[in-house]
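Colleague: The structure is given below, and queries will be raised subsequently.
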Amino acid sequence: MFDKIEKSFVDRVGTSIFLSLFISFMFTVIFQSYVSNYKLSFFGFTIALILVSVGLYITIKLKDALETNEES
Numbered sequence: 553m554f555d556k557i558e559k560s561f562v563d564r565v566g567t568s569i570f571l572s573l574f575i576s577f578m579f580t581v582i583f584q585s586y587v588s589n590y591k592l593s594f595f596g597f598t599i600a601l602i603l604v605s606v607g608l609y610i611t612i613k614l615k616d617a618l619e620t621n622e623e624s
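Here the sequence shown is numbered in this note's numbering, starting from 553 and rising by one per residue.
Laid out in structure tokens, this is it:
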């Protein structure tokens, strides 16, 4: 039981660290003077990255749910 709690906690901490680093990097880069011409491209890349991540997450959750239904 404690192993599951610890793994869940580590996963959440890892995800939050990744998100905080990504957001801080994104805002650090966006407000540089040389990026002002490329802001729309950067926002487009960020939105595309988010959409791909959400799609991957949904696919993994669907795969897990189908495997669980298959076992029972």
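For each residue, glycine too, the CB sits at the ideal point set by N, CA and C. It should be emphasised that the depicted structure is a prediction, and the values quoted were computed from it without experimental measurement.
(1) Near F594, what residues of its chain come up, given a Cβ to Cβ distance below 6 angstroms and the 5 sequence neighbours on each side ignored?
(2) Determine the direct distance from the alpha carbon of R564 to that of K613, and round the result to whole angstroms.
(3) Taking the alpha helix (DSSP H) that V606 falls in, what are its first and last residues?
(4) Which of the three DSSP states, helix, strand or coil, is assigned to F583?
Modeller: On the basis of the data shown:
(1) none
(2) 16 angstroms
(3) 591-623
(4) coil
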